[in-house]
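A short write-up of the structure that comes next.
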């Protein structure tokens with residue numbers, strides 16, 4: 237199977253684990269100066285499956301892939317694989333999870349967790365600012381331990397389509413820091429990068445600019461029934 241992203245591919249007419257396509261973490265991180273720990277949470281909102289009696293079920297699941305895995309999965313191929321579940325009969329949701337885990341562990345060469353759907357945070361975020369202004373260095377009383385931002389945008393490197401996200405940054409910050417970081421995030425507005433790469437670049441840039449950032453979580457909007465939430469920390 238070749239990378240299906242950006243190509244018109246029909247939904248499988250049979251159960252198709254071979255449609256899964258791996259993305260090399262090494263290639264994805266080419267040129268990066270920092271290595272982080274963390275995980276990628278994949279919210280699968282459209283897991284449709286049929287039991288032995290022909291009854292149709294609709295479940296939402298989260299797949300958790302460790303950021304240290306040699307490979308991750310290409311999103312469109314995962315969508316097509318999940319869509320192919322309707323061509324197989326399952327005994328239970330537990331069997332669905334088992335088969336999903338089996339094939340993703342084979343692809344990523346890493347242990348996979350299957351959990352209940354991961355929910356976004358409820359806090360309203362500060363708006364990301366797109367402007368050609370100088371970003372102020374860290375300063376002021378560090379009274380904030382978590383910063384929330386709304387309106388982050390980057391571009392898919394294959395399709396050039398926009399990817400929108402909410403950003404959560406953990407550490408120690410001042411109000412001035414928050415304003416500066418909102419400008420920094422705005423610089424990604426026309427930048428191309430996969431979700432995971434963007435998240436790692438954000439944390440890397442914060443560290444290089446001497447902000448006291450410990451962790452970045454990017455909750456990208458759902459597309460094609462899948463939302464990707466990379467989490468990276470020192």
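Numbering (our numbering), first residue to last: 237 to 470. The C-beta atom is built at its ideal place from N, Cα and C for all residues, glycine as well.
- Listed as beta-bridge partners of residue 285 by DSSP are 293.
- The residue from 335, 388, 251 and 264 with its alpha-carbon nearest to that of residue 321 is 251.
- Taking 8 Å as the cut-off, the beta carbon of residue 312 is found closer than this to the beta carbon of residue 460.
- Just measuring C-alpha positions, the residue of 407, 343 and 400 sitting nearest residue 305 is 343.
- In the three-state reduction of the DSSP assignment, residue 326 falls in the strand class, which pools E and B.
- Contact between residue 407 and residue 363 does not hold, since the beta-carbon distance rounds to 20 Å and is not under 8 Å.
- Rounded to the nearest angstrom, the Cβ distance from residue 434 to residue 416 is 18 Å, too far for a contact under 8 Å.
- Pairwise C-beta distances place the stretch 255–274 in contact with the stretch 424–444, as three or more of them are shorter than 8 Å.
- Taking every protein chain shown into account, the CB of residue 400 has fewer than 16 other CB atoms within 10 angstroms, so this residue is exposed.
- By the neighbour-count criterion, in which 16 or more other beta carbons inside 10 Å mark a residue as buried, residue 308 falls on the buried side.
- Residue 310 sits buried, since 16 or more C-beta atoms from the chains shown fall within 10 Å of its C-beta.
- Separation of the CB atoms of residue 464 and residue 276 is rounded to 6 Å, and the pair is thereby assigned contact status at 8 Å.
- For residue 402, the uninterrupted beta strand (DSSP E) run begins and ends at 398–409, by DSSP.
- The beta carbon of residue 262 sits closer than 8 Å to those of 306, all from its chain and outside the five residues before and after it, given in chain order.
- Ranked by Cα distance from residue 431, the options 452, 318, 442 and 327 are led by 452.
- Proximity of the stretch 419–427 to the stretch 244–259 falls short of the contact definition, fewer than three beta-carbon pairs being nearer than 8 Å.
- The beta carbons of residue 469 and residue 326 sit no closer together than 8 Å.
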